[in-house]
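Student: This is the structure I have questions about; it appears just below.
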Amino acid sequence: MGVIEFELSRVVHAAVDDVFTRLADINGYNDWMPRRGSILRHTEQTSPGPPAQGTTYLDKTSVGPTPGEIAELVRPTTLVYHWWDKTKGGRLKAEGWPAWRLEAKGDHTTLVHHHARVETHGAYRLATPLFRWMAVRERKATIEALQASFAHHHDD
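Take the numbering used here: the last position of the sequence shown gets the number 154, and nothing is skipped along the way.
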């Protein structure tokens, strides 16, 4: 198994509850994720109800559909997603755990720690450097889009 792990941090000018709500709203990613610089094309929650541990979703990406679920949710500080990618035969190629840890730094400022872990399996271990490049690029695009989404919505 190949393992990729890294963390990014950014300051977001919004209350911690607002940042958490935006990150937990799976369908809402379609409103604030960039159209360029990301592999994400569309995401949708596939299980009913409000976001909670076990909530499932499907990301449609430029490299194919990727299912996932919320692995951990502790409002308003912790959110961990888990996604996986399998071969047509059902073998696990890669899986990832994008995690968000939020720290309130005042009424309208949140320090966002975005931890990413990706594991490649089987023959896909050989592609670990490519997965790393894609993961770093995607996670940077996501955290920067999150930051920008609040910069444009001061009145929300």
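Glycine included, each C-beta is placed from N, C-alpha and C at the ideal position. Computed from a prediction, not measured in an experiment: that's the story for all the values here.
Which residues in the same chain as R8 place their Cβ atom closer than 6 Å to its Cβ, once the five residues preceding and following it in sequence are excluded?
Tutor: V110, I141, Q145.
Student: Can L77 and W98 be called in contact, C-beta distance under 9 Å?
Tutor: Yes, Cβ-Cβ distance for L77 and W98 is below 9 Å.
Student: H40 and K58: beta carbons closer than 9 Å?
Tutor: Yes, these two residues count as a Cβ contact at 9 Å.
Student: Considering only the alpha carbon of each residue, which of T108, M132, W131, A125 lies closest to F18?
Tutor: Checked all of T108, M132, W131, A125; the closest Cα to F18 is T108.
Student: Does the distance from the C-beta atom of A133 to that of G94 stay below 9 Å?
Tutor: Against a cut-off of 9 Å, the Cβ pair of G94 and A133 comes out as a contact.
Student: Considering Cα atoms alone, identify which of R135, H112, T75, D83 is closest to G66.
Tutor: Comparing Cα-Cα distances from G66 to each of R135, H112, T75, D83, the minimum goes to D83.
Student: Out of G62, A139, E42, point me to the one whose CA is closest to G26's CA.
Tutor: Taking only the C-alpha atoms, the option nearest G26 is E42.
Student: Who are the near neighbours of D105 in its chain, counting only those whose CB is closer than 8 Å to its CB and skipping five residues on each side?
Tutor: Closer than 8 Å at Cβ, skipping near neighbours: A13.
Student: Comparing alpha-carbon positions, which option in I24, E136, R115 lies nearest G52?
Tutor: Nearest option by C-alpha distance: I24.
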